[in-house]
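Report on the structure given below.
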Amino acid sequence: SEHVVVVHQGRHVFDVKINGEAVRMAGELVDRTLLQQRMLDAWQKTAFDWECKAVVAARPGIIVEQLVLSRLDPGAPEKGRVEEARCHVVWGKTMAVEWAVGRRGSTVLSVRVDRGGRRSLTTDTHWVDHLR
């Protein structure tokens, strides 16, 4: 996303998108002036008119989250990686979960209902490797 910056120990974890272009910053020290400018730019963004009333009415804001690194990679147990789960909720029910690892790839789990009415998350897709 244009306005998401992942930082760990004062350094950018990923490259940063500015005006739609990826700027190589992964591993570099955070430029606090640039970070502040990205936050100010994000503050000016609004929802699209076609989005639901709650999203359109929402006031701008900034979310700061604590970075939690996964250490489950058997090939490099000492190295943490960023994993992200995005839940897609429709009418209060989770319909799909997208699991992304380090902005390198993702897979989608979706809700399946069996003949007995039992719900489960399943995937019919394979891992998608995002090209750079």
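Read in this note's numbering, the sequence shown has 4 at position 2, and its numbers run on one by one without any break. Just so you know, even glycine gets a beta-carbon here, dropped at the ideal spot from N, CA and C. What you are looking at is a predicted structure, and each value in this text was computed from that prediction instead of being measured.
Who are the Cβ neighbours of residue i in its own chain at under 6 angstroms, not counting the five residues just before and after it?
i    : result
A44  : H5
E100 : R88, S108, V110
E86  : A102
I64  : M41
Going straight from the alpha carbon of residue i to that of residue j, what length do you get?
i   : j   : result
L69 : P62 : 22 angstroms
V84 : D33 : 21 angstroms
N21 : Q46 : 14 angstroms
L36 : E67 : 19 angstroms
V25 : T48 : 24 angstroms
Can you tell me which of the three DSSP states residue i falls into?
i    : result
A98  : strand
R120 : coil
K55  : helix
A87  : strand
L111 : strand
Note down, in chain order, each residue of its chain lying with its Cβ closer than 7 angstroms to the Cβ of residue i, except the 5 sequence neighbours on either side.
i   : result
S72 : G82, R83, E85
Is the beta carbon of residue i sitting closer than 8 angstroms to the one on residue j?
i   : j   : result
E30 : H10 : no
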